[in-house]
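A short write-up of the structure that comes next.
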Amino acid sequence: MECKDVPAETLYDVLHDIEYRKKWDTNVIETFDIGKLTVNSDVGYYAWKCPKPLKNRDVITLRSWLPMGNDYIIMNYSVKHPKYPPRKDMVRAVSIQTGYLIEGTGAKSCTITYLAQVDPKGKGGPLHTPVSSGTGTLQFLTHQPRL
């Protein structure tokens, strides 16, 4: 997707900042860092609202990021953490591989590629996956707020 009037660095910062995510992601219930592993990786928790009748989902991921000049990569996949077992009020989803590739195309423009391979778990039939995973990011990408 082409993002006009949005520098690559700004889009990277918006997607990478979990506190700011609470402002633009209308589906977020809770998100926080569990721990930093290296200068470019951490483990984090993210819970999101699903449309009725689906139960809300949560996930624990190992997230890695790499700024490369005017291009950026943010990738994650699910991990287990002994201090954060599955909650009874949520379905623990699995991020098989999810990420963003942000490529600067000019001083104030970029393109973003979003990949999400997620197993939302739970019950729900064939429409279950697209409506229970990734909706916050997709809404953000299609309705870009002023950054």
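The opening position of the sequence shown corresponds to residue 1 in full-length UniProt numbering, with each subsequent residue numbered one higher. Built from N, CA and C at the ideal position, the CB exists for glycine as well. For clarity, every value in this text was computed on a predicted model and none was experimentally measured.
Residue i versus the options, residue with shortest Cα-Cα distance
{"i": "residue 54", "options": "16, 4, 78 and 90", "result": "90"}
{"i": "residue 27", "options": "114, 46 and 3", "result": "46"}
Span separating the alpha-carbon of residue i from that of residue j
{"i": "residue 106", "j": "residue 82", "result": "44 Å"}
{"i": "residue 50", "j": "residue 34", "result": "23 Å"}
{"i": "residue 126", "j": "residue 93", "result": "Confidence is the limiting factor: at residue 126 the pLDDT is only 48, short of 50, which leaves the residue's position unreliable and the question unanswerable from this model."}
{"i": "residue 123", "j": "residue 108", "result": "43 Å"}
{"i": "residue 36", "j": "residue 7", "result": "27 Å"}
{"i": "residue 12", "j": "residue 25", "result": "15 Å"}
Identified DSSP bridge partners for residue i
{"i": "residue 99", "result": "75 and 115"}
{"i": "residue 38", "result": "41"}
For residue i, the first and last residue of its enclosing beta strand (DSSP E)
{"i": "residue 43", "result": "41 to 48"}
{"i": "residue 63", "result": "57 to 68"}
Extent of the continuous alpha helix (DSSP H) run through residue i
{"i": "residue 4", "result": "Premise fails: residue 4 lies in the beta strand (DSSP E), 2 to 4, not in any alpha helix (DSSP H)."}
{"i": "residue 123", "result": "It is not in any alpha helix (DSSP H) - residue 123 carries neither H nor E in the DSSP assignment."}
Cβ of residue i within 8 Å of any chain B Cβ
{"i": "residue 64", "result": "In summary, chain B is missing from the structure at hand, where a single protein chain is found."}
ask   = Is the segment 60 to 76 in contact with the segment 89 to 108, if contact means three or more CB pairs nearer than 8 Å?
value = Short answer: they touch.
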